[in-house]
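FYI, the numbering used here numbers position 50 of the sequence shown as 51, with every residue one higher than the one before it. The C-beta atom is built at its ideal place from N, Cα and C for all residues, glycine as well. The model shown is predicted, which means the values in this text are computed figures rather than measured ones. Data block below; observations after.
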Amino acid sequence: MAIKLHCFGESGNAYKAALTLELAGINWSPVYVDFFGGAARSDGYRDLNIMAEAPILVQGDFSLSQSGAIQQWVVDQTGNWAGSLRTNTKCCAGYFLTTIKCPPKLA
Ligand SMILES: N[C@@H](CCC(=O)N[C@@H](CS)C(=O)NCC(=O)O)C(=O)O
């Protein structure tokens, strides 16, 4: 079933999801959201995504918002870009340390 990503070019979050779909070799197509024209605030779009955000991935009755969740979905579907446990652990640790702004001694 066709995979659509509701997105717009200026959105880094949409780009993140689109790039992952593309690099994983998934057959998908974009649906342009006229974000700056207020399309994401329309009732129709809110029916699709109650948070009124882009991107959102739609495949038939299935829909998924949040660029990170879309990336994980791509990994789950394809096994591509999963990385190794070791790399992922390092990434998570790095993210955690930079996010909580550890004192330099701990980081
Ligand atoms: N956590 C979300 C954030 C998505 C997001 O904030 N998208 C922006 C466009 S880049 C948006 O739609 N914002 C809604 C608004 O500002 O009203 C994700 O990663 O997908």
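- When C-alpha distances from I4 are compared across V75, G84, W82 and N81, the shortest belongs to V75.
- For F36, the shortest separation between its Cβ and any heavy atom of ligand 1 lies below 8 Å.
- Relative to ligand 1, even the nearest heavy atom lies 8 Å or more away from the CB of G10.
- In this structure S66 touches M52 by the C-beta definition: roughly 6 Å separates them, less than 8 Å.
- Going by C-alpha positions, P56 is about 19 Å away from G26.
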